[in-house]
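S.K.: Take a look at this one; I'll ask things after.
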Amino acid sequence: MSHARQQIREALAARVTGLTTCGTRVFQSRMVPQETLPLLLVTTNDEEINPGTIGDIYERVLSVSVIGLAKATANLDDTLDTIAAEVEVAMSAEYWAELVAINVGFDETLEKPVGRIELVYRVTYRTASSVPGTIL
Amino acid sequence: MVDFAAHTGNIIGRLGRPVSITPTGQALRVVTGVFVQSPALAFDLVAGVSPMLRLTAQDAAGVVNGDPVLVGSTSYTVTRAQADSEAGDVLLTLDAV
Numbered sequence: 012m013s014h015a016r017q018q019i020r021e022a023l024a025a026r027v028t029g030l031t032t033c034g035t036r037v038f039q040s041r042m043v044p045q046e047t048l049p050l051l052l053v054t055t056n057d058e059e060i061n062p063g064t065i066g067d068i069y070e071r072v073l074s075v076s077v078i079g080l081a082k083a084t085a086n087l088d089d090t091l092d093t094i095a096a097e098v099e100v101a102m103s104a105e106y107w108a109e110l111v112a113i114n115v116g117f118d119e120t121l122e123k124p125v126g127r128i129e130l131v132y133r134v135t136y137r138t139a140s141s142v143p144g145t146i147l
Numbered sequence: 588m589v590d591f592a593a594h595t596g597n598i599i600g601r602l603g604r605p606v607s608i609t610p611t612g613q614a615l616r617v618v619t620g621v622f623v624q625s626p627a628l629a630f631d632l633v634a635g636v637s638p639m640l641r642l643t644a645q646d647a648a649g650v651v652n653g654d655p656v657l658v659g660s661t662s663y664t665v666t667r668a669q670a671d672s673e674a675g676d677v678l679l680t681l682d683a684v
């Protein structure tokens with residue numbers, strides 16, 4: 012049984028697959044080739060876990076990032092904002108994922124500069140301490 | 588005393604290839620430069636290459652950010668020019684057009 016983190020990440024990746032700008036270029040890995048831009052990365056990050064008040068239940072708050080990456084062009088900011096708008100609309104169907112921040116960056120390391128827009132979502136869920144793959 | 592600039596010029600001449608540069612306000616000229624594309628990562632996420640061109644200071648005279656460079660059939664734009672006055676060369680960081 013996969014961990015709930017993985018289930019959440021896969022569900023959100025499916026939710027943002029097929030959007031206009033990035034299409035099916037949605038990845039859950041943490042490294043991608045520049046040739047595939049523009050694309051979306053869905054990553055599960057740090058998680059805060061608190062003992063619940065009932066038995067061995069964990070209350071968990073997971074940070075999930077949906078990261079849009081695009082090559083620099085004259086209208087890079089427009090592209091990144093468009094990606095964010097498409098993601099926000101798609102993610103609004105997932106009431107349990109709460110948008111808490113948007114971070115933007117620019118990196119000139121590669122032969123084509125890369126822009127990045129990260130939408131940070133907070134997902135709160137519960138599991139039994141001994142069954143991390145089943146969301147209660 | 589070692590003439591580093593002459594030594595650098597010899598190295599670039601031996602290892603380099605013809606490239607075309609067009610410094611602002613000057614005509615296109617073909618010079619010899621060492622072109623490398625090192626593997627690089629953007630945001631620690633996106634894998635690609637970082638193209639750089641090393642020219643002698645003499646050949647790079649007048650090159651500034653935004654100037655065009657042609658390496659083979661690929662066009663680039665200079666995004667950074669770092670001169671080493673002791674070594675007598677200039678390292679150009681390039682973006683693909």
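Protein sequence lines correspond, in order, to chains A and B. The working numbering runs 11 ahead of the 1-based position in the first sequence. The working numbering runs 587 ahead of the 1-based position in the second sequence. All residues carry an ideal CB built from backbone N, CA and C; glycine is no exception.
#1: Compare the beta carbon distance of glycine 126/A and leucine 91/A with 8 Å and say whether it is the shorter of the two.
#2: What residues of chain A sit near proline 638/B, judged by a beta carbon separation below 7 Å?
#3: Evaluate contact between the stretch 128 to 143 of chain A and the stretch 95 to 109 of chain A, counting only Cβ atoms and requiring at least three cross-stretch pairs below 8 Å.
#4: Let's test the definition: count the other Cβ atoms within 10 Å of the Cβ of valine 658/B and tell me whether it reaches 16, buried, or not, exposed.
#5: Show which residues of chain B have a CB atom less than 8 Å away from the CB atom of valine 43/A.
#6: So which residues of chain B does valine 125/A contact, with C-beta pairs closer than 9 Å?
#7: Can you give me the Cβ contacts of aspartate 682/B inside the same chain, cut-off strictly under 7 Å, excluding the 5 residues immediately before and after it?
#8: Pull up the CB-CB distance for valine 650/B and leucine 679/B, whole angstroms please, since I reckon it's below 8 Å.
#9: In three-state DSSP terms, what is arginine 137/A?
#10: Select from Asp654/B, Arg641/B, Pro655/B the residue whose C-alpha is nearest the C-alpha of aspartate 671/B.
#11: Take the Cβ of valine 142/A as the centre, count every other Cβ of all protein chains shown within 10 Å, and call the residue buried at 16 or more, exposed below.
#12: For a contact meaning CB atoms closer than 7 Å, what does threonine 664/B contact in chain A?
#13: Report the CB separation of threonine 595/B from aspartate 654/B in whole angstroms; it is logged as a contact under 8 Å.
#14: Go to methionine 102/A, then tell me how far its alpha helix (DSSP H) extends in each direction, as first and last residue.
#15: In the DSSP output, which residue or residues are listed as bridge partners for arginine 26/A?
#16: Using a beta-carbon distance below 8 Å, is aspartate 118/A in contact with chain B?
#17: Let me know the beta strand (DSSP E) ranges lying completely inside the stretch 616 to 656 of chain B, each 3 residues or longer, listed in chain order.
#18: Among Gln624/B, Phe630/B, Leu615/B, which residue has its Cα nearest to the Cα of methionine 639/B?
#19: Leaving out the 5 sequence neighbours to the left and right, which residues in its chain are closer than 8 Å to phenylalanine 591/B when beta-carbon positions are compared?
#20: With distances taken Cα to Cα, identify the nearest neighbour of serine 637/B among Pro626/B, Gly603/B, Val684/B.
#21: Is the distance from the Cβ of valine 19/A to the Cβ of threonine 55/A below 8 Å?
#22: Here's a check: name, in chain order, each residue in its chain whose Cβ is nearer than 8 Å to the Cβ of arginine 41/A, leaving out the five neighbours to either side.
#23: Near glycine 144/A, what residues of its chain come up, given a Cβ to Cβ distance below 7 Å and the 5 sequence neighbours on each side ignored?
#24: Taking alanine 592/B as part of the alpha helix (DSSP H), name the residues at either end of that continuous run.
M.R.: Well, looking at it:
#1: yes
#2: The CB of proline 638/B comes closer than 7 Å to the CB of Glu122 in chain A, given here in chain order.
#3: Taking 8 Å as the limit for Cβ pairs, the verdict is that the stretch 95 to 109 of chain A does touch the stretch 128 to 143 of chain A.
#4: Only buried fits valine 658/B, as 16 or more other CB atoms lie within 10 angstroms of its CB.
#5: Leu632, Val633, Ala634
#6: Ala629, Phe630, Leu632, Val633, Gly635
#7: Tyr663, Thr664, Thr666
#8: 7 Å between Cβ atoms; contact.
#9: Reduced to three states, the DSSP call for arginine 137/A is strand.
#10: Arg641/B
#11: Burial state of valine 142/A is exposed, judged by a 10 Å Cβ sphere holding fewer than 16 other Cβ atoms.
#12: Within chain A, no residue comes near threonine 664/B; the closest Cβ sits about 10 Å away, beyond 7 Å.
#13: The Cβ separation is near 21 Å, so there is no contact.
#14: 87 to 102
#15: DSSP lists no partner for arginine 26/A.
#16: yes
#17: 616 to 629, 633 to 643
#18: Gln624/B
#19: Within the same chain, phenylalanine 591/B has close Cβ partners Glu673, Ala674, Gly675.
#20: Pro626/B
#21: Checking the sequence shown, residue 19/A turns out to be isoleucine, not valine. Yes, Cβ-Cβ distance for isoleucine 19/A and threonine 55/A is below 8 Å.
#22: For arginine 41/A, where only same-chain residues beyond five positions count, the Cβ hits under 8 Å are Leu52, Thr54.
#23: Met12, Ser13, His14, Ala15
#24: Looking at the DSSP string, the run of the alpha helix (DSSP H) that includes alanine 592/B is 591 to 602.
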